[in-house]
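Sequential numbering of the first sequence, starting at 34, is according to our numbering. Quick reminder that beta carbons are idealized off the backbone N, C-alpha and C, glycines included. Worksheet: the structure to be examined is printed underneath.
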Amino acid sequence: MMKARKVSDNFFNKKAKEVAPALLGSFLIREVGGKKIKAKIVETEAYCGEKDLACHASKGRTGRTEIMYQKAGTIYVYLCYGMHYMLNIVVSKKDDPEAVLIRGIEIDGEKIHGPGRVTKALNINKKLNGKKLGPKDGLWLEKGETLKHQKTARIGVHYTGPIWSKRLLRFVEE
DNA sequence: TATTTGATTCTT
DNA sequence: AGAATCAAATAT
């Protein structure tokens, strides 16, 4: 029997490509307005620093990517296509811009696919950008079971060219 | 200051 | 296959 517990801080100190698959099966807890939502993570993607052309930080340190240079456990939220928020968890070390995108979750057995829908279901908005995971801002993580997963190519990053768009950095529950 | 574009999703 | 819709990064 494994009791739900907060993950240790050094859980996020690893590289994105290690943290992303490890997050599968863990629970994302969202508490807002007295309501608590427990979401199992079933799909993630890794974004690996400035060398990764699909990572926003590949363009260098800018106002937007500054968040990814913060220390592990920082929340990176950003608006894409003018209508969808993306939820990312900054990992690795300070000044090493890596992050894990939460692409799919499961709430009460109901699967939610797509990063835009995840943030909608969890009431994630830009106010969380730059905050830390924890009860203070009503968003944190609890360790769950370890899931088997499969690796696939990332989605929506065709513009990065054949190399980075084909890297197997997307992790899905098997 | 103007233009381009995207870690998407829903409709036609 | 295309529209919706806007903030941030580039280009001018």
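Beta-bridge annotation (DSSP): R203 is paired with E78 and T185. In this structure, DSSP gives M119 an extended state, which the three-state scheme calls strand. A residue is called buried once 16 or more other Cβ atoms fall within 10 Å of its Cβ, and N121 is buried on that count. Taking R203 as reference, the option from G137, M119, N162 and G149 with the minimal CA-CA separation is G137. Rounded to whole angstroms, V151 and I135 show a C-alpha spacing of 8 Å. M119 and D141 have their C-alpha atoms spaced approximately 21 Å apart. For R63, the enclosing beta strand (DSSP E) has its first and last residue at F60 to V65. Restricting attention to I108, N156, M101 and V40, the CA atom closest to the CA of I70 is found in N156. Under the 10 Å beta carbon count, C81 is surrounded by 16 or more other beta carbons and is classified as buried. An exposed status is given to Y192, since fewer than 16 other beta-carbon atoms sit within 10 Å of its beta-carbon. If you check the CB distance, Y102 and D85 do not come in under 7 Å. Counting every other CB atom within 10 Å of its CB across the protein chains shown gives E78 a total of 16 or more, marking it as buried.
Taking C-beta separations shorter than 8 Å and ignoring five residues to either side along the sequence, the partners of G194 in its chain run L86, following chain order.
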